[in-house]
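Same order as they appear, the protein sequences are chains U and S. The first sequence begins at 1 in my numbering and counts up by one. The second sequence begins at 1 in my numbering and counts up by one. Positions of the beta carbon are idealized from the N, C-alpha and C atoms, including for glycine.
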Amino acid sequence: MTEISRRSFNLLAGASLTTLSTPLFAPSVLGQAKPRLIVVGGGPGGATVARYVAKDSAGAIDVTLIEPLKNFTTCFFSNLYVGGFRDLKSLRHNYDNVRKGGVNVVPVMASSIDRDKKQVWLAGGSRVSYDRLVIAPGIDLKWDSVPGYSEAAAQIMPHAWKPGAQTELLVKKLNSLKDGDLIVMVAPPNPFRCPPGPYERASMFAHVLKKKGHKKSKIIIVDAKPTFSKQAVFMEGWEKHYPGMIEWQDPKMHGGIKGVDPKTGEIKTDLSTYKAKLANIIPAQMAGKIARDAGLADQSGYCPIDPESMKSKIDTNIFVVGDAAIPGDMPKSAFAANSQAKVAAMVVRAELTKSRAFPARYSNTCWSLIAPDDDIKVGASYEPGEGKIKQTTGFVSQKGEPADVRKQNYKESVDWYNGIVADVFG
Amino acid sequence: MTFMLIISGLTTAPGVDVELGRYLSSECMTCHGTAKADSTIPNIFGLGQTRFAAAIKAYRDKALPNPVMQTIASRLSDDDIAALALYFQTAKKPK
């Protein structure tokens, strides 16, 4: 096991820093090796941090992104794949332009963090030192939050809450349903990735069934929580487009989720047992393993952060962005991760080059498609306040909005997708 | 210390903080970086300071309808808007 030298690490990454432009302002560490930022996780949070630090430091900071996937499939917009509005290929993005932006992209798994030595261990036993570390590992699933559910059970009852093979399995099962079949979704407790996601997904299930001419099929959502994001407008849309097809049950209605059985397809609540042809089990969630193993998460399973900087409250050399963080009033979304990443990138750049920093500002918008051209949205601005990321203003779609507003929302969401993936992946 | 001011070739204007404009612009880039002629999200690069500032102030006053832009504009001060307007007048759209 060896520590990778800066030179060999750059070679390992397949990128040479000599291709970068010479810094046009003097970094504080002139005469020394460049300060190094390591970013773990190449999703909307991590890739954004890496790209923005590389761009804004103009080569004065050595930026390395550790991400084992060669192609990243976005979780956001994966419901549109479920509904048949997009193909999976359109959700896949590579790191070619991240590299071109001056980031060393290392396609291996980061296995652990040695906070005392300020080093990240990589799969295979090598390690790399950092001056600042940003982690954006996303979520892990709490398998045992739904009795009877497991990683093996997910091959029969997909969660599809991480993109890729699980989403493909979900779609395959959805497309094989016959009229009269039952879909049961178990929706997770707060806080979880993409608060409107389960309900947009149920809408997409219903859209597919309606398009196939199903008259008797039914979708039951067994929810672990009493309310959900954009609830009033979702439920209005369900009655308008899919009358009687979607039934949402809060804990008072089902009495508690008792468990699932992948062998029989049964989902048991306190009051009923359902036999589903398609069971979509979305368990409770927590920060990705590397963050928890490094002691960066609290008892909630997520990582407390300083709202002024996105720095971990546990280790000031480490920033946590995206779904793994405790984001105050912000939801766990790609938009939020991208927004948090820009604050973290600004603070990293300012600290490592002794350049100017600005007060943190955050924003988020989430669009959800209920039916073709019927899209709703929720959004807000946020700033540090009361020790957390605090919402300052916001909006949500209203019941009874004109069709042209909803159609415009959908077009806007598609344009947003194109914009954010370019911002994240170049 | 400045950052990127020289690299981007941005112009300056008395009393306008273009570095602040660059920082604030990162919020805009989430949506506006790839805007095309037929996009619902318009291109704002090279938009001219006066036109840019008038549009943002109209969203801030809710004279223009989109709630996403109304929310974003609501916390921008006149100085913030001037900084963003100067930045986007000269910044180049990413390729």
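Counting only beta-carbon atoms, is residue i nearer than 8 Å to chain S?
i, result
"U/LEU69", "no"
"U/GLN340", "no"
"U/PHE358", "yes"
"U/MET330", "no"
"U/ILE420", "yes"
"U/SER333", "no"
"U/LEU30", "At U/LEU30 the pLDDT is 45, less than 50, meaning the model places this residue with poor confidence and gives no usable figure here."
"U/GLN249", "no"
"U/TYR52", "yes"
"U/PHE77", "no"
"U/LYS399", "no"
"U/GLN408", "yes"
"U/ARG446", "Limits of chain U in this structure are 1 at one end and 426 at the other, which puts residue 446 of chain U out of reach."
"U/LYS411", "yes"
"U/THR393", "yes"
"U/TRP238", "no"
"U/ASP404", "no"
"U/ASP323", "no"
"U/THR22", "Caution is warranted here: a pLDDT of 32 is assigned to U/THR22, below 50, making its placement in the model unreliable, and the coordinate value is therefore given only provisionally. False, the Cβ-Cβ gap to chain S never drops below 8 Å."
"U/TRP416", "yes"
"U/MET346", "yes"
"U/ASP96", "no"
"U/ASP423", "yes"
On the three-state DSSP scale, how would you describe residue i?
i, result
"U/GLU308", "coil"
"U/ASP434", "Past the boundaries of the shown model lies residue 434 of chain U; chain U is included only from 1 to 426, so the question cannot be answered."
"U/VAL321", "coil"
"U/GLN299", "coil"
"U/MET245", "coil"
"U/THR264", "coil"
"U/GLU401", "coil"
"U/VAL29", "The pLDDT assigned to U/VAL29 is 43, lower than 50, so where the model puts this residue is not dependable; a value taken from the coordinates is nonetheless given after this. Reduced to three states, the DSSP call for U/VAL29 is coil."
"U/ALA287", "strand"
"U/ASN338", "helix"
"U/THR18", "Interpretation of U/THR18 is limited by its pLDDT of 29, a score under 50 that renders its predicted location unreliable; the figure taken from the coordinates is listed afterwards. U/THR18: helix per DSSP, three-state reduction."
"U/LEU271", "coil"
"S/LEU84", "helix"
"U/ASP315", "coil"
"S/ARG75", "coil"
"S/LYS92", "coil"
"U/ASN418", "helix"
"U/LYS216", "coil"
"U/GLY256", "coil"
"U/ALA232", "helix"
"U/ASP329", "coil"
"U/ALA294", "coil"
"U/PRO23", "Confidence is the limiting factor: at U/PRO23 the pLDDT is only 32, short of 50, which leaves the residue's position unreliable and the question unanswerable from this model."
"U/ALA187", "strand"
Assuming residue i and residue j are in contact, meaning their beta carbons sit under 8 Å apart, how far apart are those beta carbons, in whole angstroms?
i, j, result
"U/LEU37", "U/ILE61", "5 Å"
"U/VAL186", "U/ILE281", "5 Å"
"U/VAL320", "U/ALA291", "6 Å"
"U/LYS377", "U/SER397", "6 Å"
"U/ALA224", "U/ILE257", "6 Å"
"S/ARG75", "U/THR392", "6 Å"
"U/VAL98", "U/ALA33", "No, U/VAL98 and U/ALA33 are not in contact; Cβ-Cβ is about 22 Å, not under 8 Å."
"U/SER193", "U/ASP323", "Note on residue identity: the sequence assigns Arg, not Ser, to residue 193 of chain U. Between U/ASP323 and U/ARG193 the Cβ distance is about 5 Å, and since that is below 8 Å, they are a contact."
"S/ALA85", "S/ALA53", "5 Å"
"U/ILE221", "U/GLN249", "7 Å"
Is there at least one Cβ from chain U nearer than 8 Å to residue i's Cβ?
i, result
"S/PRO14", "no"
"S/MET4", "Low confidence applies to S/MET4: its pLDDT is 46, below 50, so where it sits in the model is not reliable enough to give any reading."
"S/ASP61", "no"
"S/THR90", "no"
"S/MET1", "Only weak support is given to the placement of S/MET1: the predicted model assigns it a pLDDT of 47, under 50, and the question is left unresolved by the model."
For the region 20–33 of chain S, enumerate the residues whose C-beta is nearer than 7 Å to any C-beta of chain U, in chain order.
For the region 20–33 of chain S, the residues whose beta carbon sits under 7 Å from a beta carbon of chain U are, in order, LEU20, TYR23, SER26, GLU27, MET29, THR30, CYS31, HIS32, GLY33.
Which residues, in chain order, does the region 35–56 of chain S contribute to contact with chain U at a C-beta distance below 8 Å?
ALA35, SER39, THR40, ILE41
Complete runs of the beta strand (DSSP E) confined to the region 110–184 of chain U [at least 3 residues]
110–114, 119–122, 127–129, 132–135, 139–141
The region 214–234 of chain U: which residues have C-beta closer than 7 Å to a C-beta of chain S, in chain order?
Within the region 214–234 of chain U, no residue has a Cβ that lies closer than 7 Å to any Cβ of chain S.
Which residues of the region 67–85 of chain S have a Cβ closer than 8 Å to any Cβ of chain U? Give them in chain order.
PRO67, VAL68, GLN70, THR71, ILE72, SER74, ARG75
Which runs of the alpha helix (DSSP H), 4 residues or longer, sit entirely within the region 4–64 of chain S?
5–8, 18–32, 49–60
Write down every uninterrupted run of the alpha helix (DSSP H) in the region 38–108 of chain U whose length is 4 residues or greater and which is fully enclosed by it, in chain order.
46–57, 78–82, 96–100
Between the region 291–317 of chain U and chain S, which residues of the former have a C-beta closer than 8 Å to a C-beta of the latter?
Close to chain S, meaning a Cβ-Cβ distance shorter than 8 Å, is no residue of the region 291–317 of chain U at all.
Segments assigned beta strand (DSSP E), at least 3 residues, entirely inside the region 352–415 of chain U:
362–371, 374–385, 388–396
Check each residue of the region 365–384 of chain U: if its Cβ is closer than 8 Å to any Cβ of chain S, include it; give the result in chain order.
Listed in sequence order: THR365, LYS377, GLY379, ALA380, SER381, GLU383.
Closer than 7 Å, Cβ to Cβ, to anything on chain S: give me those residues from the region 126–160 of chain U, in chain order.
none
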